[in-house]
Amino acid sequence: MTDTMPHGELTLQTIAMPADTNANGDIFGGWLMSQMDLGSSVLARTRARGRVATIAVDGMTFQQPVRVGDILTIYAEMVREGTTSMTICVEAWIRRQPSGEHCRVTQARFIFVAVDEAGRKRPLPELGQP
Ligand SMILES: CC(C)(COP(=O)(O)OP(=O)(O)OC[C@H]1O[C@@H](n2cnc3c(N)ncnc32)[C@H](O)[C@@H]1OP(=O)(O)O)[C@@H](O)C(=O)NCCC(=O)NCCS
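Each residue of the sequence shown is one higher than the one before, starting from 0 at the first, in numbering that gives the first Met the number 0.
So this is what it looks like as structure tokens:
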């Protein structure tokens, strides 16, 4: 997969803040993961037309550090739909400040399951069904 441009749909954008750092002043990997979870859930909730749960995260790779003030953008692409599950490839890119450098920092596959109000799995609705 080329790392010169993002893949997928822009689903979330935010700024890395001092509150998201660890004792060394670096941004927590867990914060980045939660942004990727949120960003990919936008796609999953839209496709499932409702509640979803994250069931697995595969191949999480941290390629570059994120620093305070970096603009973080999440891109998500649906790559597989099962009966109840959705596999979404997620990339996190940053625009460093003040240099303007644009680079991918993390990628992973998030798997979501469509769930009902009680948290039980449910089949994905047919495409085009109201
Ligand atoms: C989501 C949940 C309701 C699913 O119920 P379940 O009985 O475990 O579901 P199954 O084992 O039948 O799996 C459901 C689907 O996920 C897929 N799946 C399960 N584990 C998977 C894994 N590790 N990787 C990829 N896909 C997986 C199954 O293949 C199935 O897909 P399909 O219906 O499209 O064929 C249940 O696992 C749950 O509540 N998990 C906790 C979710 C959660 O709290 N997430 C947030 C964590 S903080």
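Just so you know, even glycine gets a beta-carbon here, dropped at the ideal spot from N, CA and C.
Since the structure is predicted, the reported quantities are computational estimates derived from the model, not experimental observations.
For residue i, count the other beta carbons within 10 Å of its own beta carbon; 16 or more makes it buried, fewer makes it exposed. Which is it?
i	result
Phe-109	buried
Ile-14	exposed
Thr-45	exposed
Cys-102	exposed
Val-65	buried
Met-35	buried
Glu-90	buried
Can you give me the start and stop residues for the beta strand (DSSP E) that residue i sits inside?
i	result
Met-77	70-80
Met-59	51-61
Val-104	101-113
Glu-125	Note, Glu-125: premise wrong, no beta strand (DSSP E); not H, not E.
Tell me whether residue i sits in a helix, a strand or coil according to DSSP, three-state version.
i	result
Met-16	coil
Met-35	helix
Leu-42	helix
Ala-91	strand
Taking 7 Å as the cut-off, does the CB of residue i come closer than this to any heavy atom belonging to ligand 1?
i	result
Ala-55	yes
Val-78	no
Ser-40	no
Ala-91	no
Ala-22	no
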